[in-house]
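Trainee: Quick one: structure below, then a few questions.
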Amino acid sequence: LVRAFAEHARKAGKPGSVVNIASIEGHNPAPGHGHYATSKAALLMFTKAAALEFGAHGIRVNSICPGLIHRYGIEDGWREGVGRWKAAAALERLGRPDDIADAALFLASDAARWITGADLVVDGGVSARPTW
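Just so we're on the same page, this note's numbering is the position in the sequence shown counted from 1, plus 135.
So this is what it looks like as structure tokens:
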């Protein structure tokens with residue numbers, strides 16, 4: 136899909152931007168999430184490789200690694216996990232879908248015209264904490 140987009144943009148002579156959605160588990164996997172974390176880590180490396188491959192054509196490729204995002208019923212269905220997340224997050228809350236949407240809009244905008252091959256971690260500060 137990224138290759139098809141890049142080819143279309145190249146032929147049209149227009150720059151473009153791709154924003155991949157990975158996960159903070161691409162950096163730090165949770166126990167029992169090996170397959171998921173591996174797929175997200177692969178997406179992070181693909182983002183870097185695609186940025187190098189398509190940059191000469193004006194195509195920027197970046198990724199976002201969201202943390203835990205609020206959705207209907209999550210606090211009822213996973214009270215303990217949500218509590219641990221909030222305690223670990225510097226901003227003391229779950230993310231909201233618009234937190235990720237705003238990050239994607241920034242990366243896709245001209246304000247990010249010099250950003251490619253980058254990963255934007257949007258996790259409320261969870262990854263800022265030491266793991267020990």
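Think of the CB as a built atom: it goes at the ideal place given N, C-alpha and C, for glycine as much as any other residue.
1) By DSSP, does Gly218 sit in helix, in strand, or in coil?
2) In whole angstroms, give me the CA-to-CA distance for Lys149 and Ala243.
3) With Val196 and Gly252 assumed to form a contact (beta carbons below 8 Å), what rounded beta-carbon distance in angstroms separates them?
4) Considering only DSSP beta bridges, list what Arg195 is partnered with.
5) Are any of the Cβ atoms in chain D nearer than 8 Å to that of Ser244?
6) Can you tell me the Cα-Cα spacing of Trp220 and Arg145, whole angstroms?
7) When the Cα of Ala236 is compared with those of Pro265, Val257, Leu187, which residue comes out closest?
8) Which one of Trp213, Ala222, Ala139, Glu160 has the shortest CA to CA distance from Leu178?
9) Buried or exposed, going by whether 16 or more other CB atoms sit within 10 Å of the CB of Gly216?
10) When the Cα of Ala186 is compared with those of Val137, Phe241, Pro265, which residue comes out closest?
11) How many Å lie between Val154 and Ser198 at the Cα?
12) Is the beta carbon of Gly202 less than 8 Å from the beta carbon of Val261?
Mentor: A quick look at the data gives this:
1) If DSSP states are grouped into helix, strand and coil, Gly218 belongs with the helices.
2) Their backbone Cα atoms lie some 14 Å apart in a straight line.
3) Correct: roughly 7 Å between the Cβ atoms.
4) Per DSSP, the beta bridge partners of Arg195 are Ser152.
5) Absent from the structure is chain D; it holds one protein chain and no more.
6) So the alpha carbons of these two residues sit roughly 42 Å apart.
7) Measuring from the Cα of Ala236, the nearest candidate turns out to be Val257.
8) The residue with the shortest Cα to Cα distance from Leu178 is Glu160.
9) It counts as exposed.
10) Taking the Cα of Ala186 as reference, the smallest distance to any Cα among Val137, Phe241, Pro265 is reached at Val137.
11) Going by the C-alpha atoms only, they are around 5 Å apart.
12) In contact: Gly202 and Val261 (Cβ atoms closer than 8 Å).
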